[in-house]
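Let me begin by presenting the structure, written as structure tokens, before commenting on it.
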Amino acid sequence: MIRKTILLVAPLFATPALAQAPDFSKVEIRAETLATGVAVLFGAGGNIGVSHGPDGTVLIDDQFAPLTGKIEAAVAALGATPVRFLVNTHWHFDHSGGNENFGKTATILAHRTVRVRLAAGGTVAGNTLPPAPPHALPEITFDDGVQFHLNGDTIEAVFSGGGHTDGDTVLYWRKANVLHTGDLMMSNAPFPFIDVGSGGNAVTLVATLDKALAMTNDQTKVIPGHGPVVTRTELKAWRDRIADGVEAVRKARAAKQTLEGLLAANPLKVHDRPGAFINADAFVRAVWRSLDAMPAADGHKH
Ligand SMILES: [Zn+2]
Numbered sequence: 014m015i016r017k018t019i020l021l022v023a024p025l026f027a028t029p030a031l032a033q034a035p036d037f038s039k040v041e042i043r044a045e046t047l048a049t050g051v052a053v054l055f056g057a058g059g060n061i062g063v064s065h066g067p068d069g070t071v072l073i074d075d076q077f078a079p080l081t082g083k084i085e086a087a088v089a090a091l092g093a094t095p096v097r098f099l100v101n102t103h104w105h106f107d108h109s110g111g112n113e114n115f116g117k118t119a120t121i122l123a124h125r126t127v128r129v130r131l132a133a134g135g136t137v138a139g140n141t142l143p144p145a146p147p148h149a150l151p152e153i154t155f156d157d158g159v160q161f162h163l164n165g166d167t168i169e170a171v172f173s174g175g176g177h178t179d180g181d182t183v184l185y186w187r188k189a190n191v192l193h194t195g196d197l198m199m200s201n202a203p204f205p206f207i208d209v210g211s212g213g214n215a216v217t218l219v220a221t222l223d224k225a226l227a228m229t230n231d232q233t234k235v236i237p238g239h240g241p242v243v244t245r246t247e248l249k250a251w252r253d254r255i256a257d258g259v260e261a262v263r264k265a266r267a268a269k270q271t272l273e274g275l276l277a278a279n280p281l282k283v284h285d286r287p288g289a290f291i292n293a294d295a296f297v298r299a300v301w302r303s304l305d306a307m308p309a310a311d312g313h314k315h
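Residue 52 in the numbering used here is what sits at position 39 of the sequence shown, and the numbering runs on without skipping anything.
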């Protein structure tokens, strides 16, 4: 039932219009423990990572504001104290919507561009977002990363180039061997959402996924931005599908194929899934735009 709820609303809202918010009164928050003091919460919106223990509670992402009470109850049910630190993996509203509540008492951290985008507001997949109130903004921002030393572990928060947006942070628990990818990976989707309007780029995404893979081994538990917890194998397969897509679009462009021609012949359609938020055509368009945004590989102007 919960899985179904997640699929219906992920990664943002599944409907093309993106107009209907989920019925928050019906959303249940389900917890899964991954290691001592490390858990993931599933509800509606981005998966929430939790570190808890004697040094306080760290939350990774916070879904939607109407769910804050349920999230707090789920955190308490883990035996955890109220949230001390909150990290936004990126600025999208299904990952940062709870900031306006948690920000009243917790310290929010994120990559520098997350604060800029939240403060300005903007458009994501057709949703117009107003500027966030000041207390919902990250108070501490970073360029490359930051480390938490608490609850018997070191949690690395790393920005290594983004790709889904220009501010994607991955988090890695060194001792527990858990990785939270944010929306750099979605385990319930056939294709990634590359938010080019928020500085996302398919080429960058592949490079960032390579860096995330380098942090993992066969025992790593991977919390994706949406969908169930997976392993390095699924993360690698996800990276390879995106890399193959980038390569296919590159080849088409090198052969002077048009975007329309490529879409008509779209070889990635075999991976399409009914009801998916991003289908093969949307993915190819995003890759095409990503390549448009890259400097010419040979350095010459054409
Ligand atoms: Zn996102």
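Beta carbons: idealized from backbone N, C-alpha and C, even for Gly. Remember, it's a predicted structure, so these values are computed and weren't measured experimentally.
Once DSSP output is grouped into helix, strand and coil, what is the label at His-148?
Position 135 of the sequence shown, counted from the start, is the residue given in the question as residue 148. In this structure, His-148 counts as helix in the three-state DSSP scheme.
Hey, would you say Ser-195 sits closer than 8 Å to Thr-182, going by beta carbons?
As a first step, residue 195 must be located in the sequence shown, where it is residue number 182. As a first step, residue 182 must be located in the sequence shown, where it is residue number 169. One detail in the question is off: residue 195 reads as Gly in this sequence, not Ser. Contact: yes.
Give me, in chain order, the residues of the same chain whose beta-carbon lies closer than 6 Å to that of Ile-153; leave out the 5 immediate sequence neighbours on both sides.
Counted from its first residue, the sequence shown places residue 153 at position 140. Answer for Ile-153: Leu-122, listed in chain order.
Can you tell me the Cα-Cα spacing of Asp-311 and Arg-266, whole angstroms?
Counting from 1 along the sequence shown, the entry for residue 311 is found at position 298. Counting from 1 along the sequence shown, the entry for residue 266 is found at position 253. Confidence is the limiting factor: at Asp-311 the pLDDT is only 45, short of 50, which leaves the residue's position unreliable and the question unanswerable from this model.
Out of Glu-45, Arg-128, Ile-255, which has the shortest C-alpha to C-alpha gap to Ile-61?
The count along the sequence shown starts at 1 and reaches residue 61 at position 48. The candidate whose alpha carbon is nearest that of Ile-61 is Glu-45.
Hey, is Gly-212 close to ligand 1, as in C-beta under 7 Å from one of its heavy atoms?
In the sequence shown, counting from the first residue as 1, residue 212 sits at position 199. The answer is no for Gly-212.
Could you tell me the alpha carbon to alpha carbon distance between Asn-164 and Asp-68, rounded to whole angstroms?
Here residue 164 corresponds to residue number 151 of the sequence shown, with the count starting at 1. Here residue 68 corresponds to residue number 55 of the sequence shown, with the count starting at 1. Their backbone Cα atoms lie some 5 Å apart in a straight line.
Starting from the N-terminal side, write out each stretch of the alpha helix (DSSP H) that is 4 residues or longer and does not extend beyond the stretch 97 to 121.
Qualifying alpha helix (DSSP H) stretches, in chain order: 106 to 109, 112 to 115.
Is Phe-77 close to ligand 1? I mean its beta-carbon at under 7 Å from any heavy atom of the ligand.
On the sequence shown, position 64 is the one that residue 77 refers to. Not so, every heavy atom of ligand 1 lies at least 7 Å from the Cβ.
Three-state secondary structure (DSSP) at Thr-49?
The residue given as residue 49 occupies position 36 in the sequence shown. Reduced to three states, the DSSP call for Thr-49 is coil.
May I have the straight-line CA-CA distance separating Thr-217 from Ile-255, to the nearest angstrom?
Walking along the sequence shown from the start, residue 217 turns up at place 204. Walking along the sequence shown from the start, residue 255 turns up at place 242. Looking at the two C-alpha atoms, the distance is approximately 11 Å.
Taking 8 Å as the cut-off, does the stretch 141 to 152 touch the stretch 112 to 119 (at least 3 CB pairs, one atom from each stretch)?
With the cut-off at 8 Å, the stretch 112 to 119 and the stretch 141 to 152 touch.
With DSSP run on the structure shown, which of helix, strand or coil describes Ile-84?
Position 71 of the sequence shown holds residue 84. Helix at Ile-84.
Tell me the DSSP secondary structure of Val-22 in three-state form.
By 1-based counting over the sequence shown, the position of residue 22 is 9. Because the pLDDT at Val-22 is just 41, under 50, the model does not fix this residue reliably, and the value given afterwards should be weighed accordingly. DSSP places Val-22 in helix when its eight states are reduced to three.
Could you pull the DSSP bridge partners for Glu-169 from this structure?
In the sequence shown, counting from the first residue as 1, residue 169 sits at position 156. Gln-160, Tyr-185, per the DSSP bridge assignment.
Among residues of its own chain, excluding the 5 on either side of Ser-211, which ones have a beta-carbon nearer than 6 Å to its beta-carbon?
Against the sequence shown, residue 211 aligns to sequence position 198. Same-chain partners within the cutoff: Thr-178.
Can you give me the start and stop residues for the alpha helix (DSSP H) that Leu-218 sits inside?
Position 205 of the sequence shown holds residue 218. Taken as a continuous stretch (DSSP letters only), the alpha helix (DSSP H) holding Leu-218 covers 215 to 227.
Using C-beta distances below 6 Å, list every residue in its chain close to Ile-291, excluding the 5 sequence neighbours before and after it, in chain order.
Residue mapping note: residue 291 aligns to position 278 of the sequence shown, counting from 1. Only Phe-204, Phe-206 meet the Cβ criterion.
From which residue to which residue does the alpha helix (DSSP H) around Ile-255 run?
If you number the sequence shown from 1, residue 255 lands on position 242. Segment 245 to 267, the alpha helix (DSSP H) holding Ile-255.
Ignore the nearest five residues each way along the sequence and tell me which others in Lys-234's own chain have a CB closer than 6 Å to its CB.
As a position in the sequence shown, residue 234 is number 221, starting the count at 1. These residues qualify, in order along the chain: Leu-47, Val-191, Val-242.
Determine the closest residue to Gly-258 out of Val-300, Ile-73, His-148, with distance taken between C-alpha atoms.
Taking the first residue of the sequence shown as 1, we reach residue 258 at position 245. It is Val-300 whose Cα lies nearest to the Cα of Gly-258.
Hey, would you say Ala-170 sits closer than 8 Å to Val-262, going by beta carbons?
Position 157 of the sequence shown, counted from the first residue, corresponds to residue 170. Position 249 of the sequence shown, counted from the first residue, corresponds to residue 262. The answer is no: Cβ separation not under 8 Å.
Determine the direct distance from the alpha carbon of Gly-135 to that of Ala-225, and round the result to whole angstroms.
Your numbering for residue 225 matches position 212 in the sequence shown. Your numbering for residue 135 matches position 122 in the sequence shown. The alpha-carbon atoms of Ala-225 and Gly-135 are separated by roughly 28 Å.
Starting from Val-242, follow the alpha helix (DSSP H) in both directions and report where the run begins and ends.
On the sequence shown, position 229 is the one that residue 242 refers to. Segment: none, Val-242 is in no alpha helix (DSSP H) and carries neither H nor E.
Assuming Val-127 is part of the alpha helix (DSSP H), what are its boundary residues?
Counting from one through the sequence shown, the residue named residue 127 turns up at place 114. Start and end: 125 to 133.
What number of angstroms, rounded off, separates the C-alpha of Pro-143 from the C-alpha of Arg-130?
Start at 1 with the first residue of the sequence shown, and residue 143 comes out as number 130. Start at 1 with the first residue of the sequence shown, and residue 130 comes out as number 117. Rounded to the nearest angstrom, the two C-alpha atoms are 10 Å apart.
Could you have a look at His-193 and say whether DSSP puts it in helix, strand or coil?
Taking the first residue of the sequence shown as position 1, residue 193 is located at position 180. Three-state DSSP puts His-193 in a strand.
Do Ile-76 and Gly-50 have their CB atoms nearer than 8 Å?
If you number the sequence shown from 1, residue 76 lands on position 63. If you number the sequence shown from 1, residue 50 lands on position 37. Before going further, note that residue 76 is Gln rather than Ile in the sequence given. Taking 8 Å as the Cβ cut-off, Gln-76 and Gly-50 do not qualify as a contacting pair.
Helix, strand or coil: which one does DSSP assign to Ala-44?
For the purposes of this step, residue 44 is taken as residue 31 along the sequence shown, with counting starting at 1. In this structure, Ala-44 counts as strand in the three-state DSSP scheme.
At what residues does the beta strand (DSSP E) containing Gly-92 begin and finish?
Locating residue 92 in the sequence shown gives position 79, where the first residue counts as 1. Here Gly-92 belongs to no beta strand (DSSP E), and DSSP marks it neither H nor E.
Would you call Pro-237 buried or exposed, if buried means 16 or more other Cβ atoms sit within 10 Å of its Cβ?
To locate residue 237, count along the sequence shown from 1; it is residue 224. Buried: at least 16 other Cβ atoms inside 10 Å.
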